[in-house]
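In our numbering, the protein residues as written are 228 to 358.
Where is the CB? At the ideal position from N, CA and C, for every residue including glycine.
Take a look at the structure below.
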């Protein structure tokens, strides 16, 4: 008769309010327990933030040689006439080269918009150049 909604309590329309109603009042315990930090503000506002200005994807030195196929890297390692491949990291979508990791003792010319001091030092120590 009641389609599973019981006779005593009855199925009324929206007894607790619609949607997120009562989050700071009668549903506060649920909000505090399962959604901490839902209410309030934090930090400073930044009007019209243009994210393009700060777009600077990075690549570390230990991942630098992954941009060159392994076969080509081995061929260049065997050559002793000092030919160095030109790695244009901006082509691969990176703007800045950081200095984490080790470089193989093999010269390489790296083209990027920005270099960290450590990256530049390590590239030059390996006999390479930064452009």
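Apart from the 5 residues on each side of it in sequence, residue 342 sits with its Cβ closer than 6 Å to the Cβ of 324 and 357 in its chain, given in chain order. Bridge pairing for residue 286: 324 [DSSP]. Taking C-beta atoms as the reference points, residue 316 and residue 339 count as a pair closer than 8 Å. The continuous beta strand (DSSP E) containing residue 314 extends over residues 313–315.
The beta-carbon separation of residue 349 and residue 326, rounded to 5 Å, stays under the 8 Å limit for a contact. In this chain, residue 255 is not harboured by any beta strand (DSSP E); it is covered by the alpha helix (DSSP H) spanning 255–261. The C-alpha of residue 310 lies about 7 Å from the C-alpha of residue 303. Annotated as distal: residue 337 and residue 354, with beta-carbon spacing of 8 Å or more.
Taking all protein chains shown into account, residue 299 has fewer than 16 neighbouring C-beta atoms within 10 Å of its C-beta and is therefore exposed. Using a 10 angstroms sphere on the CB of residue 248, the tally of other CB atoms stays under 16, which defines it as exposed.
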